[in-house]
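The numbering of the sequence shown is our numbering, which starts it at 2 and goes up by one.
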Amino acid sequence: MKSHNRQLVRLGAGAVGLLVAGSFAAPAFAVDGTDLSVELSGTTIAAGSTEKVVEIDLENVGKTTPESVDIIFTVGDLVGAFQFADICDDDPADGTVHCSVDKAFIPEPGGTTDLSYLVTRADDSADASGELTVTVLVDGDDNTANNTDTAEVVIGEHGVDLGVVAEDVREPIDADASLESGAPVYIDGSIAPGGSTAVVATVFNQGDMTADGVRISVTLPEQATFTEPEQGCEYSADNRTVTCDYSEIALIPADHDTQDGDATSGGTFWFPAKIDAGVAKSGALTGGSVTVAALAAVPYGPKQNVAAPTALPENVELLDAADIDKVVDVDESDNTDTYSIFVSVNGGSGGGDGDGSSLPVTGAQAGLFGGLGAFVIVLGAALFLIARRRRVVLVTPGDERPNA
C-alpha cells in the first residue's frame, strides 16, 4: 500500500456563495425530444437551526438540451413563517418567486443539476410548516407531468443534519502529482479511457448538534475503479465502493460556523479514480453516488469552536455501524448525492462530441461564483482537525480548482 496525503478542502467562512454543482445520473427513460424533471429534498429544518438549504434536482430525461429554463417557487402560506432568499426578480410576498437558470447549468441529456435554495426560519416559527412547490418552465417540453414537485417544509427535532454535494467529474488529474501534493492536480484536456481523475464531495452539517465523526461511502460508476487505498477504509471486491469512518472529524452546526481559524461545519473530500482503458464511447459513466452519516451526535458547546490541532491522537477507535444507526439525522433526504464521470474517447471536452466546447464551472468555484443565484450554506472556517493523511487548504475566490 502506497502512503500518500489525501486532501480535505474547506471553504472560507462567510462564503455564502452561489452553488450550482452539477451531478449527473442516468435517466430512467428518455423521450425523443425535450424532457426536464424536478425533485425536491432537504426540506426539514432542525429544531434549533435558523435556516436550511433546500435541494432542487433538475434532471434532463430527454434527448435534447433546452435553450432556456425558468423555475417558479410557489411558497404560499410559508410566507411569514419562512423568509425566502431574495435571489431572483420577483417579490416573494405574492407567494411566488421566479428565477431563470443560467444556460451553463441547464443539464444536458442524461444530466442532473443540483440547485440550492436557502430558506430562513423566522423567530416566531417554532411550529411552522407549509408546502413548497417548484415548477420548471421549459419551452417545447414533451412531458410536463414531471415538471412540478411539492414538499412539506417543516421544523424537525434536534440533531445533526448532514448533507452532501457530489460534483460531476469532467477533468483529468495528474495521478502522481496529486498523490505527492495531497490535492487533485488537474491537467488540461478531458478524461480519456485509461486516464485518472478525482471524485470530489462536499459534506456539511445544517443541524443544531455537532456531528462527532463522519462516515462517507463513495460508489464509482461502472468502468471506473479506485486507484490508491485509503488507510482505515473498507473497499468492495470490485474496488468500486469505499466506506471511510473519520472519527477524528467534528462538524459543528452551520449556525455556529462564523469565522475562519476555528471549527468548521463542512469540508470537501477527494478520492482518486481510474477509468477503464476499454471505454469505447464518449459520454457519461453513470451510477456514481456519495452517502454520508454522522458517527455520533453531541450537543454543541463553545469549547468545540477552538483552533484546529496540528496533530491527531494515535488511539483513534472507530464506531460500529450499530452505533451510527442510533444517531438522529433530522433530514436524511439530502444525505446522498449522485454524479457521473464524463469520458471523451476522441479528446473533446467532457461528455460531448469532442468539439472543444466550454464546460460549466462546478465545485468549489461554482460555490463562490455560481450561475443561478441560489445560495448555499456557509461551509467555512478551518477544520476542527486534520483528518488522517489529508491536508487542509483554503479555497479562495481566486482559486479555480482545489489545488494545493
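Glycine included, each C-beta is placed from N, C-alpha and C at the ideal position.
Sub-8 Å separation of residue i and residue j beta-carbons
i	j	result
valine 264	valine 346	Note that residue 264 is alanine in the sequence shown, not valine. Their beta carbons are not under 8 Å apart, which means alanine 264 does not touch valine 346 by this criterion.
threonine 45	proline 67	no
threonine 113	leucine 59	yes
aspartate 1	glycine 160	Absent from the model: residue 1. The displayed extent of the chain is 2 to 405, so no value can be given.
leucine 119	glutamate 52	yes
proline 230	glycine 289	no
aspartate 209	serine 101	no
threonine 269	valine 201	yes
proline 185	serine 179	yes
serine 130	valine 166	no
alanine 297	aspartate 239	no
isoleucine 435	valine 135	Since the first residue of the chain shown is 2 and the last is 405, residue 435 is not available in this structure.
alanine 176	tryptophan 271	no
threonine 220	cysteine 234	no
glutamate 56	aspartate 115	yes
aspartate 332	glycine 43	yes
serine 69	aspartate 140	yes
tyrosine 340	glutamate 168	yes
lysine 64	aspartate 95	no
glycine 279	proline 194	yes
threonine 203	glycine 302	no
As assigned by DSSP and simplified to three states, the class of residue i
i	result
asparagine 147	helix
glycine 77	helix
threonine 265	strand
glutamate 132	strand
serine 69	coil
leucine 406	The question about residue 406 has no answer, for the chain in this structure spans 2 to 405.
lysine 104	helix
aspartate 332	coil
valine 379	Only weak support exists for where valine 379 lies, its pLDDT of 24 falling under 50; the value from the coordinates is given anyway. Coil, per DSSP.
alanine 255	helix
serine 50	coil
leucine 421	Because the chain in this structure spans residues 2 to 405, residue 421 falls outside the shown range and cannot be described.
glutamate 181	helix
aspartate 326	For aspartate 326, the pLDDT reaches just 49, beneath the cut-off of 50, and the residue's location in the model is therefore unreliable, although a value from the coordinates is still provided. Aspartate 326 falls in the helix class under three-state DSSP.
glycine 96	coil
serine 237	coil
glutamate 153	strand
Sheet register partners of residue i (DSSP bridge)
i	result
histidine 159	DSSP, once it has assigned bridges, lists no residue as partnering histidine 159.
tyrosine 187	Ile174
isoleucine 342	Val170 and Leu286
alanine 202	Ala167 and Phe270
tyrosine 247	Val215
valine 139	Val70
aspartate 58	Glu40 and Asp115
isoleucine 276	Ala225
Residue of the options minimising C-alpha distance to residue i
i	options	result
aspartate 128	Ala238, Ile156, Asp175 and Ile174	Ile156
phenylalanine 205	Ile72, Asp335 and Ala123	Asp335
isoleucine 475	Val55, Ala294, Leu116 and Asp71	Outside the displayed range of the chain (2 to 405) lies residue 475, so it cannot be described from this structure.
threonine 151	Asp169, Ser237 and Thr75	Thr75
glutamine 224	Val39, Ile342, Ile57 and Thr97	Ile342
isoleucine 253	Ala238, Val54, Glu158 and Gln207	Gln207
glutamate 181	Arg241, Asp95 and Pro273	Pro273
threonine 145	Leu37, Ser191, Thr292 and Gly43	Leu37
glycine 111	Leu286, Thr242 and Glu40	Leu286
proline 300	Gly284, Val328 and Gly43	Val328
asparagine 148	Glu158, Val62, Ile188 and Gly77	Val62
glutamate 158	Leu41, Ala47 and Val98	Ala47
glycine 164	Ser283, Asp33, Val291 and Tyr340	Val291
phenylalanine 227	Asp78, His99 and Ile276	Ile276
serine 191	Ser117, Gly284, Val215 and Asp103	Gly284
valine 54	Glu249, Ile188 and Leu41	Leu41
aspartate 247	Ile107, Glu109 and Val215	According to the sequence shown, residue 247 is tyrosine rather than aspartate. Considering only alpha carbons, the answer is Val215.
valine 98	Ala123, Gln232 and Leu138	Leu138
threonine 211	Ser197, Glu249 and Lys104	Glu249
Residue i at chain B interface by Cβ criterion, 8 Å
i	result
glutamate 60	The structure shown contains no chain B, having only a single protein chain.
Residue i: CB within 7 Å of a non-hydrogen atom of the ligand NAD
i	result
cysteine 100	Inclusion of the ligand NAD in the displayed structure is not the case, the ligand content being empty and no account of it being possible.
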